[in-house]
Every structure is written in C-alpha cells, then in structure tokens.
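Residue numbers (this note's numbering), protein chains in the order written: chain A, 61 to 359; chain B, 61 to 359. See below for the structure under consideration.
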C-alpha cells in the first residue's frame, strides 16, 4: 500500500499503528523517530519498526506516509524538523485528539505539495509507551478524518483505506465539529475522572486516611481513566479550551440541579434521570463500542 | 454455620450471597422473599434458594440469619413485616450503602433480643436482578460491619466469619465514618457518572446528533456506572445527602480550579495534577481492588 511509512512518536498509538502495518503488510518499510534514544532502541528491539532514530529530518526522507503520533505540544517542533525533508506528493497525517489549532499550524508550515489530512482514531488504553501498543487496538473503532485545505481527494481515499485496513470505521468531519463532539465524548469524561481522583487525593491528604482500599464501589473505574498520559491530556485540554470550558459549565449546572433534587428528596426526578442514563449504555453496546459483559470480566 | 438463612430481596447482591452460601455450604436452608412473584419463581427455577415467597412475615420465621438486600427505601416496609415473626437470638443484617438512617430505623423497630449488625460488602456490577448474581462477587472485596447498639459481640464475630467465608476482608466502622468514606469512594463517582451521561444526553437531544458512536474515547466507561440500578442509587443519594452535598461542593470547586488552569494555559499545574492522579491507580491495583490489565481486556 505504501513504500515507506514514518511514524513520529512511538507511544501507545504510534506503536500500535506500526504493529498493525507490519501485521497487515501495508508498507515495505516502517521507520520511527523518537526524541529519546532509549525509545528508539526499544522500538528496534521489540521489532516495532525497521529503523528508528532521533534524527527526524533524516529518517522522514522518502516516506510516502508520515504519521505524527506525539503529544500536541510537540507538533510545532516536529513540523519545523521535517518541513525541508518531506517528499513532495507524500501524505502527512497525525492522530491528535484536537484538530483546529493543529491543522492551521501544519498548513502554515508544510510545503504545498504535501497532502495534509488529519486523522483521529478514537481508541486507546490507560497505558503509555511503545511496549503497551498492540495491533488490534483499532479494530471496530471509529477514525475521524479532517482533510486540510492542502489535501488531494485521491489521498483522502487512500488514507481512508489505510485506516480501514487497520480495522477502523471512517467518518469525515471538519475541525470545528470534531473538536466539539470529542469534548463531549472524550475530553470531558477524562477531565471529570482527573477531577474526582484529585478531589479524593486532597481529602485523603487532609484526613490522612486509607480510603483507596474501598475503591471497588466506583472510584476504581475513574482511576483507570485518570491514569492516562498526563502530557497528552494537558495538551488536549489547553488546545480545546473553548469547548472544554463550555462543557465544564454545562456539567456544573447539571450537577447543581442534581444536588438540588437530592436536597429536596425529589425521588421522581432522580429516578427519571438515572433511568434515562441506563438506556444509553445499550446503545453503546449495540454500536459495538463496548462489550456487555458486566464489570468487563474483571470479577 | 447457620440452620436457616433468609435473604430479603434477591437482586444482584442478594442472589450472589445466596449462591455463595450454597456453594460454601454455610446453611442447611436458604430462603428468599421478594415482592414480585415472578422474581420468586425465578429464584426457585435458578436454584438460588430452597424456598421463595412474597409472604416475608411467614418465610422469615425460624431463620437464624436474616439479610435485607432491598433498596434502602424499602427497609421500613420490610422491618414492619418481619418485626413480629423474627426469632429471638437471630442475627439481622443488611447490605446497604448508607448506614446512619437505616441503623436508627431498624434499632427503633426490631425486638431487643435480635442482634442487629449492619453490613456493607463493597462489590457489584452494573447489572441488576437475580440472574445477574454470581458466587464469586465478594472475593477479595471489603465488607464493612457497623454494629448497632443492639448487637452481641459473639454475633459480630460470627457475622465477620460469614463474610470471610464469602471471600471478603472485613473492617468494622461506625455509621458516620462509613457514610463519609463511601460518599467519596462510591457515591460521588456514581453521581458524576450519572451527571456526565445526563449532560451528554441533553446535548444529544438539543443538537440531534449521533455522538454515542464516538464513545470509546472515555464516555463509555461512565455509561457502565450510569447503568446501575436507578432506584438503589436514588435512595443512596437521598439517604446520604449531607455528605453527598459536601462532596459535590468540593468537586465543583476543584473543577473550577482546573477550568482556570486550562484557560490560563497553566501547563505546569495541569501536568502536576494529572501525574498525581496516575499514581493512585497503582495503589488500587496493589490493594487488590482492580486488575492491571489495560482496558480490562475488552480490546
């Protein structure tokens, strides 16, 4: 499908893509660039890529597909490194969770003859690093493509085919829509998980009590999400700050409503809300985005 | 261990206890009482109990251990039904998630010669009903005992042994402590999950968009918790409303702090908080309250 694919940033997502490329034989050669030489060594040792180097400018040369899989705050650095060595006619994509600012930044800096099409495979676990990736990560997950002004139709089709080979279902969306929807389905849940775990830690410190051991009643689920990559999420919230702020306001306003209903012992209202929220679970399972097995079989 | 155990309310928790009693041979006879005759039939058909009837007053007779496993709002009804037929010298317990009000209510209504010791096994899944229970539910989970004024030491020891046979680790705590700690580790996480799913539903309705399909980025985890039994949780929040209100206020205040940090692009602060929250995950796994497998193997 491609001659040479270069993955910049071989963490959970980058290494999962590399593994899936190799497994599905989608390129003759997969190379990777990471700032840390330890990571580059690991990538080679684990046979994730054929070559790995911290010299991004050099290793990107001749690639017909370049995938940026670093935290959003590194994009500027990456783009400045590759802009003079990227092949004309190549496809450039990324896997970032916020689109608007990233797309503008790259449009401004990349040669016109490069097809820049942003991607967002909605998949992940709470683990980070090249050792945590696996080739099946994208199976049955949605990947949203957001073509920039600088993208050719035939390349959008090719990239779509690429993600489908990795197991994804593909939707095309503009940056504004993407950043709004993801602030609801992904960014806000993460922020809330971070906040509830942070609130717990503050109380734990103040009261000096071991409350963690009683976490099986709900808290433990949030700690999984709140164990996600700190740098990646810091960048996401800041790059999508307008939508995140709006969502925080809506969330707080609804939470205050619930508080009032609890205070007034408004049984009917609470039951109605909690019954509605139960239904959406079924929709998610039917959409193939989770399994119905209770507790994810961790019992 | 017991001659006859009566379980009032054979849902997820009640039926899991019954199954574990049978599996571990902890009683000669297990009976169950449920308001709905359909449930009573199901309980017999699934071989969860030896007898089942909606006549609670009658079926409770002669039991040396009675376990109330209904939603909290049914306690008053249950107690009024059993108060004249409960055996003197029997142990009465429950499995409720809030203690203070329930303990007072039962102390007021139950004959003095009954040993009333409240229990809270911190275990569960998002499923409800007798078909969803399983005997291993309590394995390695904490069970908190809150003895009332009306409990004998030897009975506390016996009940402790009972929960340990079911696989629990047991702690003893007063009602005030219990209700405070559980508001942090269980009630608040559930309320927040209900609230984020409710917020999503409101936006979905307003915008008429299918956003559920993109839920693999975080939201789906919350929908699992927000699929828990609506009646049970309505009762929990109302019975623990003072602690819940306090926790909501702390949660909102911390969330506003995060909003400010995001608005000001305070990278250092965000990174510091998200790094702290990552650590607690390790503690929970080390405490045996979750497994380290990422994504609970649902990939």
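Idealized CB from N, CA, C, for every residue including glycine. Note that this is a predicted model, so its numbers are computed, not measured.
> Interface residues of chain A around residue 273/B at Cβ under 7 Å?
Replying inline: By Cβ distance, chain A contributes 202, 347 and 349.
>> Is the separation between the beta-carbon of residue 248/B and that of residue 285/A shorter than 8 Å?
In response: No, these two residues do not count as a Cβ contact at 8 Å.
> Would residue 315/B count as contacting chain A if we go by Cβ distances under 8 Å?
Replying inline: With 8 Å as the cut-off, residue 315/B counts as an interface residue toward chain A.
> Can the beta-carbon of residue 186/A be found closer than 8 Å to that of residue 288/A?
Replying inline: Here residue 186/A is near residue 288/A, since their CB atoms are less than 8 Å apart.
> Got a sec, what are the start and stop residues for the alpha helix (DSSP H) residue 222/B sits in?
Replying inline: Its alpha helix (DSSP H) spans residues 213-225.
>> Once DSSP output is grouped into helix, strand and coil, what is the label at residue 252/A?
In response: Of the three classes helix, strand and coil, the one that applies to residue 252/A here is helix, per DSSP.
> Where DSSP assigns a beta bridge to residue 103/A, which residues make up the other side?
Replying inline: Bridge partners of residue 103/A: none, in fact.
> DSSP on residue 231/A, reduced to helix/strand/coil?
Replying inline: In the structure shown, residue 231/A sits in a strand (DSSP, three-state: E or B).
>> Given a cut-off of 8 Å on the beta-carbon distance, is the pair residue 91/B and residue 111/B in contact?
In response: A contact, by the Cβ cut-off of 8 Å.
> When you check each C-beta in the segment 213-235 of chain B against every C-beta of chain A, which residues fall closer than 9 Å?
Replying inline: Residues of the segment 213-235 of chain B with a Cβ closer than 9 Å to any Cβ of chain A, in chain order: 229 and 231.
> So with Cβ pairs under 8 Å, would you call residue 325/A a contact of chain B?
Replying inline: Yes, residue 325/A lies at the interface with chain B (some Cβ there is under 8 Å from its Cβ).
> By the criterion of Cβ-Cβ separation under 8 Å, what are the contact partners of residue 341/B in chain A?
Replying inline: For the C-beta of residue 341/B, the chain A residues within less than 8 Å are, from N- to C-terminus, 186, 283, 284, 286 and 287.
> Counting along the chain, where does the alpha helix (DSSP H) carrying residue 154/A start and finish?
Replying inline: That residue, residue 154/A, is in no alpha helix (DSSP H); its beta strand (DSSP E) goes 151-154.
>> Quick check on this structure: which residue in 200/A, 101/A, 174/A and 175/A has the alpha carbon closest to the alpha carbon of residue 347/A?
In response: Nearest to residue 347/A by alpha-carbon distance, out of 200/A, 101/A, 174/A and 175/A, is 200/A.
> What in chain C is Cβ-close to residue 242/A, meaning under 8 Å?
Replying inline: Note that chain C does not occur in the displayed structure, where the protein chains are A and B.
> Short check: CB of residue 191/A to CB of residue 102/A, under 8 Å?
Replying inline: Yes, they are a contact pair.
> If you measure beta-carbon to beta-carbon, which residues of the segment 250-265 of chain A are closer than 8 Å to chain B?
Replying inline: Cβ contacts with chain B come from 250, 251, 252, 253, 254, 255, 256, 257, 258, 259, 260, 261, 262 and 263.
> Thinking C-beta only, is residue 304/B closer than 8 Å to residue 311/B?
Replying inline: For residue 311/B and residue 304/B, no; Cβs fall outside 8 Å.
>> Can you list, in chain order, the residues of its chain with a C-beta nearer than 7 Å to that of residue 290/B? Leave out the 5 residues immediately preceding and following it.
In response: Hits under 7 Å: none found.
>> Mapping the DSSP letters down to three states, classify residue 267/A as helix, strand or coil.
In response: In the structure shown, residue 267/A sits in a helix (DSSP, three-state: H, G or I).
> DSSP state of residue 108/A, grouped into three classes?
Replying inline: DSSP places residue 108/A outside both helix and strand once states are collapsed to three, so it counts as coil.
>> Using the three-state DSSP reduction, which class does residue 92/A fall into: helix, strand or coil?
In response: Strand, per DSSP.
>> Tell me the rounded alpha-carbon separation between residue 333/A and residue 242/B.
In response: C-alpha separation (whole angstroms): 22 Å.
> What is the DSSP secondary structure of residue 247/B, counted as helix, strand or coil?
Replying inline: Three-state result, residue 247/B: helix.
>> Need the endpoints of the alpha helix (DSSP H) that residue 136/B sits in, please.
In response: 135-142 is the span of the alpha helix (DSSP H), which, as asked, contains residue 136/B.
> How about residue 130/A: is its C-beta nearer than 8 Å to some C-beta of chain B?
Replying inline: Not closer than 8 Å to any Cβ of chain B, the Cβ of residue 130/A fails to qualify, so no.
>> Would residue 88/A and residue 64/A be called neighbours here (beta carbons separated by less than 8 Å)?
In response: A distance below 8 Å separates the beta carbons of residue 88/A and residue 64/A.
> What residue does the beta strand (DSSP E) around residue 207/B start on, and which one ends it?
Replying inline: That run of the beta strand (DSSP E) goes 202-207.
>> At a CB distance below 8 Å, what residues from the segment 167-183 of chain B approach chain A? Give them in sequence order.
In response: Flagged, chain order: 182 and 183.
> chain B partners of residue 304/A, CB-CB under 7 Å?
Replying inline: Simply 322.
> Looking at the unbroken alpha helix (DSSP H) that takes in residue 312/A, where does it start and where does it end?
Replying inline: Judged by DSSP secondary structure, residue 312/A falls within the alpha helix (DSSP H) whose first and last residues are 301-323.
> By the criterion of Cβ-Cβ separation under 8 Å, what are the contact partners of residue 246/B in chain A?
Replying inline: Contacts between residue 246/B and chain A, judged by CB atoms closer than 8 Å, involve 274, 277, 278 and 279 in chain order.
> What is the C-beta distance between residue 156/B and residue 125/B, in whole angstroms, given that I count them as a contact (C-beta under 8 Å)?
Replying inline: A Cβ-Cβ distance of about 16 Å is found for the pair residue 156/B and residue 125/B, leaving them out of contact under the 8 Å criterion.
> Between the segment 161-170 of chain A and the segment 201-209 of chain A, do at least 3 Cβ pairs fall closer than 8 Å?
Replying inline: Using a Cβ-Cβ distance cut-off of 8 Å, the segment 161-170 of chain A and the segment 201-209 of chain A are in contact, since at least three pairs of beta carbons, one from each stretch, lie closer than that value.
> chain A partners of residue 335/B, CB-CB under 7 Å?
Replying inline: For a Cβ distance threshold of 7 Å, residue set 290 of chain A lies close to residue 335/B, ordered along the chain.
> Which residue or residues does DSSP assign as beta-bridge partners of residue 181/A?
Replying inline: Within the DSSP secondary-structure output, residue 181/A pairs in a beta bridge with 203/A.
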